[in-house]
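Participant: According to this note's numbering, the sequence shown is numbered sequentially starting from 169.
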Amino acid sequence: WRRLLAEIEQLKEAHNNDKRAMEAAMEAAMAEQQQEHEQIVAELQATIDEKSKCIEDQSWNAWKSSFLWDDEECILVELNEACKCGELKKVKFLVEELNADVHATDEDGGKPLHQAAYNGRIEVC
Numbered sequence: 169w170r171r172l173l174a175e176i177e178q179l180k181e182a183h184n185n186d187k188r189a190m191e192a193a194m195e196a197a198m199a200e201q202q203q204e205h206e207q208i209v210a211e212l213q214a215t216i217d218e219k220s221k222c223i224e225d226q227s228w229n230a231w232k233s234s235f236l237w238d239d240e241e242c243i244l245v246e247l248n249e250a251c252k253c254g255e256l257k258k259v260k261f262l263v264e265e266l267n268a269d270v271h272a273t274d275e276d277g278g279k280p281l282h283q284a285a286y287n288g289r290i291e292v293c
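1) Between the Cα of L281 and the Cα atoms of E246, L266 and E265, which residue gives the shortest distance?
2) Going by DSSP, what residue range makes up the alpha helix (DSSP H) through V245?
3) What number of angstroms, rounded off, separates the C-alpha of R188 from the C-alpha of A210?
4) Could you tell me how far apart the beta carbons of I243 and L256 are, in whole angstroms, since I believe they sit closer than 8 Å?
5) Please state whether DSSP places V259 in a helix, a strand or coil.
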């Protein structure tokens, strides 16, 4: 009877050891999968960022080439819209390159910076 109990205890111990080994292997496999997943996500994010930059550059170039930049009214409309939307790159271009008048007023007496402030675009102000 004691010998049988001893064998049962040995089997339990062997089972517990196998169980711990299996759990450790599963944890290692899950950690490896998590690492692979994180790497894939990072690679996808890098691809998305690269594509977004490319699209942004194309959009910027299309925007720059689509207007008659010697038309002051057109420039003021664009400046107002850029300020309203917080598009700092456009605002800088319009002001620095095309000498857009930041003090010009629209038909309601508003100025481009009023648009930025009203819409919470502090970065433009």
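Quick reminder that beta carbons are idealized off the backbone N, C-alpha and C, glycines included. Just so it is clear, the structure is predicted and the values come from calculations on it, not from any experiment.
Facilitator: On the basis of the coordinates in this document:
1) Counting from 1 along the sequence shown, the entry for residue 281 is found at position 113. Nearest C-alpha to L281: E246.
2) For the purposes of this step, residue 245 is taken as the residue at position 77 of the sequence shown. Counting along the chain, the alpha helix (DSSP H) containing V245 begins and ends at E240 to C253.
3) Within the sequence shown, numbered from 1, the residue matching residue 188 stands at position 20. Within the sequence shown, numbered from 1, the residue matching residue 210 stands at position 42. Going by the C-alpha atoms only, they are around 33 Å apart.
4) For this step, residue 243 is matched to residue 75 along the sequence shown. For this step, residue 256 is matched to residue 88 along the sequence shown. In fact, because the Cβ distance is near 16 Å, the residues do not count as touching under 8 Å.
5) For the purposes of this step, residue 259 is taken as residue 91 along the sequence shown, with counting starting at 1. Three-state result, V259: helix.
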